[in-house]
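Structure record follows, encoded as structure tokens.
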Amino acid sequence: MVEVKVELHKGVGLIATTETGFTIVIGGAMETVGADKRYGPSSMELVLVALGGCLSSVMLRILNSRKVNVESLEVKVRGETMKETPQRYKNIEVEVNAKGAPKEEIQRAAELAEKYCPVLWTLKENVEVNLKVQ
């Protein structure tokens, strides 16, 4: 099981700490307590970041295993949210741009990344969330 801790920081944003010791500043999602959107990315933006990071990592791992080098890789992720509450993404578009490798290799890596990216599958499937107040 993976664990992260999220704490209120200076009354205006959140600090998330991963079990590996990394910290992420989160802002913009706490308008109700006066959070400044410039404090950090919102939780909804971080969902897109997680998806883009996962797809990119899996693609690079696949390309590396196939001995294919790329000069650059850019993955743009755009999400359209629903208007009603609870607000969530109703569709997400992913655009992959890579240079330095044959297009068919990039296409194959993208197809395999779509098959093996755990963040993508988490978003595609229903997830049970258990909330505990301690």
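Residue numbers for the sequence shown follow this note's numbering, so the first one is 1490 and each next one is one higher.
All C-beta atoms, glycine included, are put in the ideal place defined by N, C-alpha and C.
How far does the alpha helix (DSSP H) with V1608 in it reach, from first residue to last? On the sequence shown, residue 1608 is found 119 positions in, with the first residue counted as 1. Taken as a continuous stretch (DSSP letters only), the alpha helix (DSSP H) holding V1608 covers 1607-1613.
Along the beta strand (DSSP E) that carries T1539, what are the first and last residues, could you check? For the purposes of this step, residue 1539 is taken as residue 50 along the sequence shown, with counting starting at 1. The sequence given here places Ala at residue 1539; Thr does not occur at that position. Careful: A1539 lies outside any beta strand (DSSP E), inside the alpha helix (DSSP H) at 1532-1554.
Excluding the 5 residues flanking V1538 on each side, which residues of the same chain have their C-beta closer than 6 Å to its C-beta? Mapped onto the sequence shown, residue 1538 falls at position 49. Cβ neighbours of V1538 beyond the five flanking positions: none.
Over what stretch of residues does the beta strand (DSSP E) that includes R1577 continue unbroken? Looking up residue 1577 in the sequence shown gives position 88. Note, R1577: premise wrong, no beta strand (DSSP E); not H, not E.
Could you tell me the alpha carbon to alpha carbon distance between K1572 and G1529, rounded to whole angstroms? If you number the sequence shown from 1, residue 1572 lands on position 83. If you number the sequence shown from 1, residue 1529 lands on position 40. Across the structure, K1572 and G1529 are spaced so that their CA atoms are roughly 23 Å apart.
For the segment 1580-1591 and the segment 1550-1559, state whether three or more C-beta atom pairs, one from each stretch, are separated by less than 8 Å. Flag = yes, the segment 1580-1591 and the segment 1550-1559 touch.
Quick one: is M1548 buried, meaning 16 or more other Cβ sit within 10 Å of its Cβ, or exposed? If you number the sequence shown from 1, residue 1548 lands on position 59. Classification of M1548: buried, given that the 10 Å Cβ count is 16 or more.
Would you please state the rounded distance, in angstroms, between the beta carbons of V1566 and G1541? I believe it to be under 8 Å. Locating residue 1566 in the sequence shown gives position 77, counting from the first residue. Locating residue 1541 in the sequence shown gives position 52, counting from the first residue. The Cβ separation is near 4 Å, so the contact holds.
Starting from the C-beta of L1544, find all residues in its chain whose C-beta is less than 6 Å away, skip the five residues before and the five after it, and write them out in chain order. The residue given as residue 1544 occupies position 55 in the sequence shown. Non-local C-beta neighbours of L1544 in its own chain, meaning closer than 6 Å and more than five positions away in sequence, comprise V1564, A1602, C1606, ordered along the chain.
Distance, T1506 Cα to N1558 Cα: Translated into the one-based positions of the sequence shown, residue 1558 becomes position 69. Translated into the one-based positions of the sequence shown, residue 1506 becomes position 17. Whole-angstrom Cα-Cα distance: 33 Å.
Bridge partners - K1588, DSSP secondary structure assignment: As a first step, residue 1588 must be located in the sequence shown, where it is residue number 99. The partner list for K1588 (beta bridge, DSSP) reads S1561.
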